[in-house]
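There are 2 protein chains.
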Amino acid sequence: MSSIVHRIGIHAPASSAYRALSTIEGLAGWWTRDTTGTASVGECINFKFRDPAGKEIGGFEMEVLEQSPDDKVRWKVRSGPAEWIGTQISFSLAEQDGMTLVLFAHREWREEVEFMAHCSMKWAVFLLSLRDLVERGAGQPAPDDVKIDNWN
Amino acid sequence: MSSIVHRIGIHAPASSAYRALSTIEGLAGWWTRDTTGTASVGECINFKFRDPAGKEIGGFEMEVLEQSPDDKVRWKVRSGPAEWIGTQISFSLAEQDGMTLVLFAHREWREEVEFMAHCSMKWAVFLLSLRDLVERGAGQPAPDDVKIDNWN
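First to last, the sequence lines map onto chains A and B. 1 is the number of the first residue of the first sequence in the working numbering; add one for each residue after it. 153 is the number of the first residue of the second sequence in the working numbering; add one for each residue after it.
The following block contains the structure:
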């Protein structure tokens, strides 16, 4: 099993970072604008990605496994690209040195495929978007996200 | 053993990306301005990092294991933080869809420590700097790099 892990510090209270990770409105502000569903344990959140013309180019359905206020959010991927199904994504928060540290993990990849390298880079770009949203009030969610390669 | 892997596309020929990865001047343009040594197989390159006041805050010595023009660069870490010693770093290039894809890997981490998550995020930021250098002529090497958390 392989994992993607990232660490980023946000100059804001953990409660602000948690809101961006645990509400539909928050998630739509940094990952993809087309975020729907219910952000509660046992429920599912749907993330869809569209090209500039509005055509759907991909998406994920996540089951919320854990939402601990100001502390942790954890999802399991229910549908999406084959490589993602069954993988788990988590965000752990800790206030330190005047910032909130976000420890991100996307675990249980069956193989370290090239698509995983793409996703690792893309997650980094979206975590910068999360930081911009929480610190400045505006992120760069899809479809206005930073493109990184020929896969988007 | 754990790995960091990233994938980024650069709108430029592989030869331009290779130059930024295989020469002291190129490396100083996107990773750290304080890059010295000899970028040849069997030789070592020294990367030092300084704070804005010029004080050294860290560094790495890499032995060059491989330099295949327009194709691959591979290093082994000889000195630096304990977690990095003995790890290997590689950049594999491939032209595709009008861009050069860089497949980055930092392998042989003994444990998936929190510092690895920091380094994964930091490598992503430096790969964006590499892209800026190759595409636009200017990257954001240390000490002018994008800071990501309380560890820099």
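Glycine included, each C-beta is placed from N, C-alpha and C at the ideal position.
**Asked** Glu266 (chain B) touches chain A at which residues, Cβ-Cβ below 7 Å?
**Response** As a position in the second sequence, residue 266 (chain B) is number 114, starting the count at 1. What Glu266 (chain B) touches in chain A: Arg7, Leu103.
**Request:** Give the secondary structure of Ile24 (chain A) by DSSP, where H, G and I count as helix, E and B as strand, and everything else as coil.
**Result:** Here residue 24 (chain A) is taken as the residue at index 24 of the first sequence, counted from 1. Of the three classes helix, strand and coil, the one that applies to Ile24 (chain A) here is helix, per DSSP.
**Item:** For Arg74 (chain A) and His66 (chain A), believed in contact at Cβ under 8 Å, the rounded distance
**Value:** Locating residue 66 (chain A) in the first sequence gives position 66, where the first residue counts as 1. Locating residue 74 (chain A) in the first sequence gives position 74, where the first residue counts as 1. The question names His, but residue 66 (chain A) in the sequence shown is Glu. The Cβ separation is near 4 Å, so the contact holds.
**Request:** Establish whether the CB of Asp301 (chain B) and some CB of chain A are separated by less than 7 Å.
**Result:** On the second sequence, residue 301 (chain B) is found 149 positions in, with the first residue counted as 1. Taking Cβ atoms only, chain A reaches closer than 7 Å to Asp301 (chain B), which makes this a yes.
**Asked** Just reading off the alpha helix (DSSP H) that Arg110 (chain A) is part of, what are its end residues?
**Response** Position 110 of the first sequence, counted from the start, is the residue given in the question as residue 110 (chain A). No alpha helix (DSSP H) holds Arg110 (chain A); DSSP gives it neither H nor E.
**Prompt:** Considering only the beta carbon of each residue, do Val5 (chain A) and Ala269 (chain B) sit closer than 7 Å?
**Reply:** On the first sequence, position 5 is the one that residue 5 (chain A) refers to. On the second sequence, position 117 is the one that residue 269 (chain B) refers to. Yes; because the gap between Cβ atoms is below 7 Å, this pair is in contact.
**Asked** List, in order along the chain, the chain B residues whose C-beta lies closer than 7 Å to that of Asp145 (chain A)?
**Response** As a first step, residue 145 (chain A) must be located in the first sequence, where it is residue number 145. Chain order gives no chain B residues near Asp145 (chain A), where near means a beta carbon separation below 7 Å; the closest approach is about 13 Å.
**Prompt:** Is the Cβ of His270 (chain B) closer than 7 Å to any Cβ of chain A?
**Reply:** Here residue 270 (chain B) is taken as the residue at index 118 of the second sequence, counted from 1. Yes, His270 (chain B) lies at the interface with chain A (some Cβ there is under 7 Å from its Cβ).
**For His270 (chain B), three-class secondary structure by DSSP** = To locate residue 270 (chain B), count along the second sequence from 1; it is residue 118. Of the three classes helix, strand and coil, the one that applies to His270 (chain B) here is helix, per DSSP.
**Prompt:** In three-state DSSP terms, what is Ala142 (chain A)?
**Reply:** In the first sequence, the residue the question calls residue 142 (chain A) occupies position 142. Note: Ala142 (chain A) maps to strand in three-state DSSP.
**Prompt:** For chain D, is any of its Cβ atoms less than 7 Å away from the one on Ala276 (chain B)?
**Reply:** In the structure shown, chain D cannot be found, because the protein chains are A and B.
**Asked** Per DSSP, which one or two residues make a beta bridge with Asn46 (chain A)?
**Response** On the first sequence, residue 46 (chain A) is found 46 positions in, with the first residue counted as 1. DSSP output for Asn46 (chain A) lists A:Thr36, A:Glu61 as bridge partner(s).
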